[in-house]
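Engineer:
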Amino acid sequence: MQTSSGPAIEKTGDLLILLNELAPGDVLFIDEIHRLPRNVEEMLYSAMEDFRVDIIVGQESSAHAVQFDLPPFTLVGATTRAGSLSAPLRDRFGII
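Quick note: the sequence shown, position 48, residue 48 per full-length UniProt numbering, numbers continuous.
1. How would you label Ile33, buried or exposed, when you count the other beta carbons within 10 angstroms and need 16 or more for buried?
2. Spatial neighbours of Ile9 within its chain, please: C-beta separation below 8 Å, excluding the five flanking residues on both sides.
3. By DSSP, does Leu22 sit in helix, in strand, or in coil?
4. Over what stretch of residues does the alpha helix (DSSP H) that includes Leu44 continue unbroken?
5. Use the C-beta contact count for Ala87: other C-beta atoms within 10 angstroms, 16 or more gives buried, fewer gives exposed.
6. DSSP on Ile17, reduced to helix/strand/coil?
7. Counting only the same chain and skipping the five closest in sequence on each side, list residues whose C-beta sits under 8 Å from that of Pro7.
8. Assign Gly77 to one of three DSSP states: helix, strand, or coil.
9. Rounded to whole angstroms, what's the CA-CA distance from Ile55 to Glu49? Just pull it up for me.
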């Protein structure tokens, strides 16, 4: 199980490090998930749905996409402010 909090995941690279450490069947718990930056949240969408993330490497004419395949995992997010979650993120969860 990997644990983190929304405020601690400031950049997409921070999330990529967490995702890279996951083993098949692991749980990733993000406390205060409502505090994730929008670009980090958007990276989670493909990780949650397709178990992969795409990142752009390089700049301008040398830029290209690199795909990272992820093992199947379960994402658990906790928040006391469900109303602060974006609709796209909220819709990807079964809320308890």
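Glycine included, every Cβ here is placed at the ideal spot set by N, Cα and C. All figures in this text were calculated on a predicted structure; none of them were measured in a lab.
Structural biologist: So, to answer that:
1. buried
2. Leu15, Leu18, Ile30, Leu36, Pro37 and Val40
3. coil
4. Arg38 to Asp50
5. exposed
6. helix
7. Glu32 and Arg35
8. strand
9. 16 Å
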